[in-house]
Amino acid sequence: MRAMIIDFHTHIVSPKMKRERDVYVSRDACFGELYTQPKSKLFTAEDLLESMDECGVEKSVILGFGLMSSDMCLEFNDYIIECIARYPNRLIGFCTVQPLDTRGAIREIERCAKHGARGIGEVRPDTQGFDLRDIDLMGPLVEAMIEYNLIFLTHASEPVGHEYYGKGSVTPEKIYPFILTYPELRIVLAHWGGGLPFYALMPEVDKALANCYFDTAATPFLYKPQVFEHVTDIVGSERILFGSDNPLLSPKRIVDQVESLNLKPVDRERIFFRNAKTLLGI
């Protein structure tokens, strides 16, 4: 019998955004980078739930995008808040902010937390035009996230290897100083943290990553399946969160990768759902 699955990395858009894709693509650089191509799938909450049922996923974390416009962030967040209220047993909401709008971002962090959001993300520092290492900018936002017990999820990319849509430049050398500056903040690094867990072979890095988690979103596009085994050996399976990047990638693709390996049952359970339950407090 297959273990429960919690997908920690999915994206949805409102029905209006799906209908008017061209309008939103022209309004925002990040959204445009990801969805200019008509073949790029857009899911509403109902589309996502249908996919979840097909793939045996019990719960999904629905993420925002790294948007340029604060107004678009609010519009996305309104839909996320609506969806977690409508499907509280299936969907867990992370909202999005534009950190360059400091006051607006802090207000939005407070608003989203009060409406049930569990985190902020997926932020995209490169497309949003900010630097995680900017203490004056990030300090007040991190303080607000810690105050409201929110998790912070950021996009991450590899400094080497092939190019792809959305790869970006948020690499370990930019992420690591941020982690060192805010050790109390719970951080999820998307896409295996751009390879950051491999640096945990260095004892000081391993210690610094104590409050960090790595999601597996888009793994088949990035790594061989053995990445699950190697990261488990280096940082432990308790730091890995199952994530698909649905609708970019079906959760089944990542499930098949995990099940192709000789991982211990306890490691599979941690990756599939136990770590997410612990981190989210569910």
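Going by the working numbering, the first residue of the sequence shown is number 730, and it counts up by one from there.
C-beta atoms are modelled at their ideal positions from N, C-alpha and C, and glycine is treated no differently.
Review point. If you run the structure through DSSP and keep just helix, strand and coil, what is Asp751?
Key: In this structure, Asp751 counts as helix in the three-state DSSP scheme.
**Study point:** Cα-Cα separation between Leu970 and Asp800, rounded to whole angstroms
**Key:** Whole-angstrom Cα-Cα distance: 30 Å.
Exercise for review: Out of Gly965, Val871, Glu775, point me to the one whose CA is closest to Ile838's CA.
Suggested key: Distances from the CA of Ile838 to each of Gly965, Val871, Glu775 were compared; the closest alpha carbon is that of Val871.
Practice item. Would you tell me roughly how many angstroms separate the C-alpha atoms of Lys745 and Phe805, rounded to the nearest one? Key: Their backbone Cα atoms lie some 11 Å apart in a straight line.
Check your understanding: Is Glu933 buried or exposed, if buried means 16 or more other CB atoms sit within 10 Å of its CB?
Key -> With fewer than 16 neighbouring CB atoms inside 10 Å of its own CB, Glu933 falls in the exposed class.
Review point. Within this structure, are the beta carbons of Gly858 and Leu829 separated by less than 8 Å?
Key: Taking 8 Å as the Cβ cut-off, Gly858 and Leu829 qualify as a contacting pair.
Exercise for review: Check Asn1004 in the structure and name its three-state DSSP category.
Suggested key: Helix at Asn1004.
Exercise for review: Determine the DSSP secondary structure at Phe859, reduced to helix, strand or coil.
Suggested key: When DSSP states are grouped into helix, strand and coil, Phe859 belongs to the coil group.
Point to revise | At least three beta-carbon pairs within less than 8 Å, the segment 969 to 983 to the segment 777 to 784 | key: Per the Cβ contact rule, the segment 969 to 983 is in contact with the segment 777 to 784 (3 or more Cβ pairs under 8 Å).
Exercise for review: Can you tell me which of the three DSSP states Tyr717 falls into?
Suggested key: The displayed coordinates of the chain run from 730 to 1011. Any statement about residue 717 would go beyond what the structure contains.
Practice item. Please determine, among Arg840, Asp776, Phe737, Leu796, the residue with the shortest C-alpha to C-alpha distance to Gly761. Key: Checking every option, the nearest Cα to that of Gly761 belongs to Leu796.
Check your understanding: Nearest to Glu851 by CA position, among Arg832, Asp865, Arg840, Ser886, is which residue?
Key -> Here the closest residue by C-alpha is Ser886.
Review point. Under a Cβ-count criterion, where at least 16 other Cβ atoms within 10 Å of its own Cβ denotes burial, should Arg815 be classed as buried or exposed?
Key: With fewer than 16 other Cβ atoms within 10 Å, it is exposed.
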